[in-house]
Structures are given as structure tokens and as C-alpha cells.
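Trainee:
Number of protein chains: 2
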Amino acid sequence: MVVYAGQGDPRRSIELLWRGTVAEKRSGPKPGLSVDSIVDAGIAVADEQGMAFSMRAVGERLGRTAMALYTYVPGKNELVDLMYDRTMAELPTSYSLDDGWRPAVTQWAHDMWECYSRHPWVLQVSQARPVLGPHEFAVIEALAAILVSTGLPGRELRGIVGAINYFVRGAAQTVAEARAAGGATGEADEEWWYARSAVLLEIEPDLEKKFPMLHVLENDREPATSDLADPELPYLENDAVENFRSGLRVLLDGVEGAVAKP
Amino acid sequence: MVVYAGQGDPRRSIELLWRGTVAEKRSGPKPGLSVDSIVDAGIAVADEQGMAFSMRAVGERLGRTAMALYTYVPGKNELVDLMYDRTMAELPTSYSLDDGWRPAVTQWAHDMWECYSRHPWVLQVSQARPVLGPHEFAVIEALAAILVSTGLPGRELRGIVGAINYFVRGAAQTVAEARAAGGATGEADEEWWYARSAVLLEIEPDLEKKFPMLHVLENDREPATSDLADPELPYLENDAVENFRSGLRVLLDGVEGAVAKP
DNA sequence: CGAGGTTACTTTACGTCGTAAGGAGTCGCA
DNA sequence: TGCGACTCCTTACGACGTAAAGTAACCTCG
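Protein chains in written order, with my numbering: chain S, 1403 to 1664; chain R, 1403 to 1664.
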């Protein structure tokens, strides 16, 4: 299930996102939980089990039943929105422009990438219906602030912001989801991949002849240990990081071109 | 639920993807269905209801129960894989290079975009664990074939292929998922958006002051009816198309820069 | 032609999910 | 002291994917 952001009452969710818990106690027993604690628990559970976490699991982590959560949060969708926005709060809200826009954007992209790596489930939250939380705004504001300094018109910047955003998300997905799925089935990513391609080659032996250009792409490899490679990480992951770096470079070259032109 | 590609027996799914139905009949009643018909029905249902379609719905469309499908297909994950690959078959497998690589890539991106628009659920199929079907290969092969003609080394092209792919997917998602979600709740995208931003402005009146750079981005609009705008489409969608065009332009400028450089 | 095995499809059922409904206990305030 | 508001629980419903077992159609072999 892909969670579409905020299908419930818009006012309720947006208030939760922007105002936090409004603590005006009247009567009744003391709340043992809080929206914050539930969001934290939700993030912890989702980090472990992915986006298919259950309300029951979140409740259990807090020593409550699933239904207890509904006192604080209207439903799972809204909880996911809150978790999403909380996660975005991990990211810096501004970047130094001392060295120009390019290092700043690069840093933004890497921070984003790492945040996605820590919380892969975030990548499953629908893009199309933005959560519209304060921290999500802040993250995009940070990127926008960097890019506005190029002097490009907003018309052009919108496409660029989108492109950078999509690129980082997509690239992170390639790594992060693989890890998550591996965890879910207990199957490591590498093994999954090798099992797959072995079967594929067995069934379709002349694969390379059928798709020669893919073969060209795959085969021009760096020496196994480039100075950038992290020996801690599995091969596939270093590969993905390398593609991330070079893809981002090209994308930013394009931006640079736009800046240089009239 | 995000559907991870092929968590079942790898051999079985890959055989289904590459060999199709192996028709060697022996005995027993005549099959009333086929893998093909099930995949078609699945696509039709998913086009209507999104990725959260149910096996029961697919069965019903074929006049069968959900369990009847399991005679032909190992499970829902595998069915989604097949649906995904079938969808990719709608796309061209090669592009003319007569006018150079750039118009070809642009065409590829637009074809991809339109395919995603027709079948928004495709965007929910996990990127990380590629389906590894023949038509998915063919689509990437087509893009690779175009880009190899630039003469760039494979090392660099991998990042570029990724960047273009991610960009198109992300941009399509922004439009397509919005439409799909609107359909699911019976709420049109425009209305959803306006309701949301109205509440947001009510709760957070000085939003523009808190995020001034986003304001800059949003406000440099073209005149409402540019020659590219499609009056049939809602405003938000034309906007997204415009951002798609300009983002792609910047990205390809970057590629051009890489081609020009040593 | 008839028996037996194979196959297509159905019925039933299990365990999961999100969450609606209603009740039990706890506290602040009249 | 009691009322109303509040938290949290139990129970239950209808969805989901799919396992297990049953029924009936059909081919092949005697």
C-alpha cells in the first residue's frame, strides 16, 4: 500500500502538523502517551519493518493497544504524515553559499540521500500529495534558497528543483528499497541479485546479444577499489553511490549551463 | 503496500516473464483463462483502482473467483511483475538518431511520461528490485542505445541513464499519483489542492514570510495561456508539464556539456 | 466404452490489516 | 459527591492475500 498523504479531514491533519499537540488539559486521566511519542515509535517501527508497519506494532512498542493511538492521531495516514515531517526535521534548514551554489546543492543532495538511507520508508510516501508539513517546506526552502542565488528566474528554477529532488529520491530508492526488501525476506540484496541474474542467464543465455547497449553500459567499470569506494559497503551499494555522484554532476553541469547563458 | 518485485521463486517468475505461457496440454478441463488474459484484466483493474487493486477484483472481471488466478500465476507480486512488463511493451524499442541524440532522448522521455500517465500504478512498482522482464530491458536498452551514440564512456552513462530515468519517473509521479488519489477518494486534484492550501494559509497566515524562497519560485509564472499549454488539462497539470519540460532541458544541457568536454 | 489420473476452478477458512463502537476506569471541577 | 470529559481497552467488522481441500471436467489408456 502506498500511503497517500492526508486523506482525512484536512484541517485536523494540518493542525497536527503545524501546531503540534495543543496541551489544554481539562479533566480525565493523565495522558500516558503524546503525539510526539507515537510519532517517534512509528518512525522506529517503520525503520525496522518498512512502510508496511502496523498500528498494532506501534501500539505494542508503547505498551498500548493499537486503538489507544486513535486518541491522539486520526488514523494511519495522518500518522505517516507526521512521521514524514518529523523525519524531514533531521535535515539542515540552510546551507552556506560561501563557496557558491554548487557545493551547497551537492551537500543538500548528500544530506537528503543519507536521510533517505536512514529511513527508507520515507521514499514510499507519495510525492504527488505533499505532506505540507513545516519541515518538508523547510527542506525545499533550503534548496530553493541555494538555487535562487544563481539568479535564474523562478520559472526555470521550478523545473530544476524538481529535477534535483526527483533525482535524489530515485537514486536513494535504488539502494534503500533494496536493503529494506532484503531485510523483509531475510535475503541480503547481493544474494537476491545474484540468484536472479543467474536464473535469468540460464533461461535467456544470449541476453547480452539481445541488449548490447546495456552490456556496454555495464561493462565499463572502474577498478574495484577506487579511492571513493567504501570497503565497508557491499559492491552494489558502492556502485549506486558512484552513479549517484556522476548523475548529480551531470545534472548540476546543466544548471551551470543555464546560469552561464543569458 | 508497495509491491516488491518477485519475492517468490525466482525461476518461476522469470520463466513467466520471458517464456510466457508454455502451452503443453495433457489432460483435464480446458483452461478458461490464460496468463495473458489475467495480466490484461489486472492492468485494466489497476488503471481504474490503482495499485491497491485486489485479486478478488481481477478474478471478478474475468468471471472467476480470486483463487482461480492462482492456477496461472503464483501470487499477486508475480502478477504485478507481469503487468509491469506488459505495460513497458507499449513503448518503442528504438529511436531515430537522424537528428542527433537529444531529440531522441526527449522523445523517449515523453513516451515514458505518457505511459506513466496511462498507467499510474506502474510508478508504485519498486525501482530497487527491477522486474527484469524483457520489455523493461528493451525500454532501458532503447535509452542506452541513444546515449551510447554520444560517445561517452559507460561509466558516465550509467549515472546519466539513472538521472533521466529518475527524473521522468518523479515528474510523472507528481501528476499521475495526484490524479489517481483524487479518483480513489472521489476528490479531484484541484479541489484537494485548494482545500489544503486554504486551510494551510488559515492556520499559518505568514507562510510566505517563513519560506520566502519558495514564494519566489512560485510566483514567476508565465502568462496563463502560453502556446504550449493544453486548455483541456487542469491548471496544475499544465504546470507540471511545464516543469517537466524545463527540468529535462536542464538535465540534457548537462549531458551536452559532458559530451562537449574531453 | 469406462476407469483413473490430471487439471480448472470453487468453497471455506486462516491470519493479517485499519478502524468503528462501546464500555471501563480515572481525573478535574461543580 | 457526582457529573462530564478523558484515556485506554475489548470486541467486532469487513477488507486483504492465499493455503487447503473439495468438485467437476477432460484426456489417455485399457
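Glycine included, each C-beta is placed from N, C-alpha and C at the ideal position.
Out of T1495(R), L1418(R), Q1575(R) and R1504(R), state which residue places its alpha-carbon closest to the alpha-carbon of P1522(R).
Mentor: The count along the second sequence starts at 1 and reaches residue 1522(R) at position 120. When each option's Cα is compared against that of P1522(R), the closest is Q1575(R).
Trainee: Using only CA atoms, which one of V1441(R), A1573(R) and E1658(R) lies nearest to Y1474(R)?
Mentor: Within the second sequence, numbered from 1, the residue matching residue 1474(R) stands at position 72. Ranking the options by Cα distance to Y1474(R), first place goes to V1441(R).
Trainee: Kindly indicate which three-state DSSP category Q1529(R) falls into: helix, strand or coil?
Mentor: Counting from one through the second sequence, the residue named residue 1529(R) turns up at place 127. It is coil, neither helix nor strand.
Trainee: So within the region 1456-1509 of chain S, which uninterrupted alpha helix (DSSP H) runs reach at least 4 residues, ignoring any that extend past its ends?
Mentor: Listed in chain order, they are 1457-1463, 1468-1471 and 1478-1490.
Trainee: When you compare only the Cα positions, how much space is there between E1658(S) and L1419(R)?
Mentor: Position 256 of the first sequence, counted from the first residue, corresponds to residue 1658(S). Position 17 of the second sequence, counted from the first residue, corresponds to residue 1419(R). Approximately 43 Å, taken between the alpha carbons.
Trainee: Chain S partners of E1558(R), CB-CB under 8 Å?
Mentor: Counting from one through the second sequence, the residue named residue 1558(R) turns up at place 156. Within chain S, the residues near E1558(R) are S1648 and V1652.
Trainee: Is the CB-CB distance between I1605(S) and R1421(R) below 9 Å?
Mentor: Here residue 1605(S) refers to the residue found at position 203 when the first sequence is read from its first residue. Here residue 1421(R) refers to the residue found at position 19 when the second sequence is read from its first residue. Contact: yes.
Trainee: Between which residues of its own chain and F1455(R) is the CB-CB distance below 6 Å, once the five residues before and five after are set aside?
Mentor: The residue labelled residue 1455(R) in the question sits at position 53 within the second sequence. So the qualifying residues of the chain are V1447 and A1448.
Trainee: Buried or exposed for K1663(R), please, with buried defined as at least 16 other CB atoms from any protein chain shown within 10 angstroms of its CB.
Mentor: Residue mapping note: residue 1663(R) aligns to position 261 of the second sequence, counting from 1. Result: exposed.
Trainee: Could you check whether the Cβ of W1420(S) sits closer than 9 Å to any Cβ belonging to chain R?
Mentor: Residue 1420(S) sits at position 18 when you count from the first residue of the first sequence. Yes, W1420(S) counts as interfacial toward chain R.
Trainee: Helix, strand or coil: which one does DSSP assign to S1415(R)?
Mentor: Walking along the second sequence from the start, residue 1415(R) turns up at place 13. Residue state, collapsed to three classes: helix.
Trainee: Give the straight-line distance between the Cα atoms of I1686(S) and D1501(S), rounded to the nearest whole angstrom.
Mentor: Only positions 1403 to 1664 of chain S appear in the structure, and residue 1686(S) is not among them; the question remains open.
Trainee: Put A1443(R) into one of helix, strand or coil per three-state DSSP.
Mentor: Taking the second sequence and counting its residues from 1, the one referred to as residue 1443(R) is at position 41. Correct three-state label for A1443(R): helix.
Trainee: By the three-class DSSP mapping on this structure, what secondary structure does L1534(R) have?
Mentor: Along the second sequence, one-based indexing puts residue 1534(R) at 132. DSSP places L1534(R) in coil when its eight states are reduced to three.
Trainee: Check each residue of the region 1444-1464 of chain R: if its Cβ is closer than 7 Å to any Cβ of chain S, include it; give the result in chain order.
Mentor: The region 1444-1464 of chain R vs chain S, Cβ under 7 Å: M1453 and A1454.
Trainee: Under 7 Å Cβ to Cβ from E1610(R), same chain only, skipping five residues before and after it: list those, please.
Mentor: Numbered from 1 along the second sequence, position 208 holds the residue referred to as residue 1610(R). So the list reads H1617, once near-sequence residues are dropped.
Trainee: I'd like to know if N1640(R) contacts chain S, where contact means its C-beta is closer than 9 Å to some C-beta of that chain.
Mentor: Working through the second sequence from its first residue, we reach residue 1640(R) at position 238. No, N1640(R) lies away from the interface with chain S (no Cβ there is under 9 Å from its Cβ).
Trainee: Using 10 angstroms around the beta-carbon of D1622(S), count the other beta-carbons present and answer buried if the total reaches 16, otherwise exposed.
Mentor: What you label residue 1622(S) is simply residue 220 of the first sequence in a count that begins at 1. The residue in question, D1622(S), is exposed, as its Cβ has fewer than 16 Cβ neighbours within 10 Å.
Trainee: Counting only beta-carbon separations shorter than 9 Å, does K1478(S) have a partner in chain R?
Mentor: The residue labelled residue 1478(S) in the question sits at position 76 within the first sequence. No, because no Cβ of chain R sits closer than 9 Å to the Cβ of K1478(S).
Trainee: Check whether chain R comes within 9 Å of R1598(S), counting only Cβ atoms and requiring the distance to be less than that.
Mentor: Residue mapping note: residue 1598(S) aligns to position 196 of the first sequence, counting from 1. Closer than 9 Å to some Cβ of chain R, the Cβ of R1598(S) qualifies, so yes.
Trainee: Pick helix, strand or coil for A1454(R), following the three-state DSSP scheme.
Mentor: In the second sequence, counting from the first residue as 1, residue 1454(R) sits at position 52. In the structure shown, A1454(R) sits in coil (DSSP, three-state: anything other than H, G, I, E or B).
Trainee: For chain S, find out if any of its Cβ atoms is closer than 9 Å to the Cβ of S1519(R); answer yes or no.
Mentor: If you number the second sequence from 1, residue 1519(R) lands on position 117. Output row for S1519(R): interface = no.
Trainee: What would DSSP say about D1513(S), mapped onto helix, strand or coil?
Mentor: Here residue 1513(S) refers to the residue found at position 111 when the first sequence is read from its first residue. Three-state result, D1513(S): helix.
Trainee: Measuring only between beta-carbons, confirm whether M1514(R) sits less than 9 Å from chain S.
Mentor: On the second sequence, position 112 is the one that residue 1514(R) refers to. No, M1514(R) does not count as interfacial toward chain S.
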